[in-house]
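The numbers in UniProt numbering rise by one with no breaks, and the one at position 34 of the sequence shown is 34. Cβ coordinates follow ideal geometry from the N, Cα and C atoms, glycine included. These figures come from a predicted structure and were not determined experimentally. Below is one structure, written out as structure tokens; the observations come after it.
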Amino acid sequence: MPNVMEASNWVAAIWLTLPDSIQRRLAVVMALVKECRRRWLISALRQEGPSSAAAKNIDFVE
Numbered sequence: 001m002p003n004v005m006e007a008s009n010w011v012a013a014i015w016l017t018l019p020d021s022i023q024r025r026l027a028v029v030m031a032l033v034k035e036c037r038r039r040w041l042i043s044a045l046r047q048e049g050p051s052s053a054a055a056k057n058i059d060f061v062e
């Protein structure tokens with residue numbers, strides 16, 4: 001089973017072989033996924049309440 005460093009190197013090698021236009025599109029998709037995950041986490045923590053967020057050391061910064 002490959003370790004994380006090997007996997008990271010493979011991803012970097014594949015990324016560098018992609019055309020610039022595809023790299024830009026994938027970068028936009030990754031940013032959108034990251035933002036959706038952030039919003040989902042904030043929403044889930046708000047439903048649990050502020051004491052739960054404080055216990056997890058998460059600030060509600062928007």
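In the three-state reduction of the DSSP assignment, L41 falls in the helix class. Cβ atoms of Q23 and W10 stay farther apart than 8 angstroms, at about 16 angstroms.
K34 has its alpha-carbon roughly 21 angstroms from the corresponding atom of V4.
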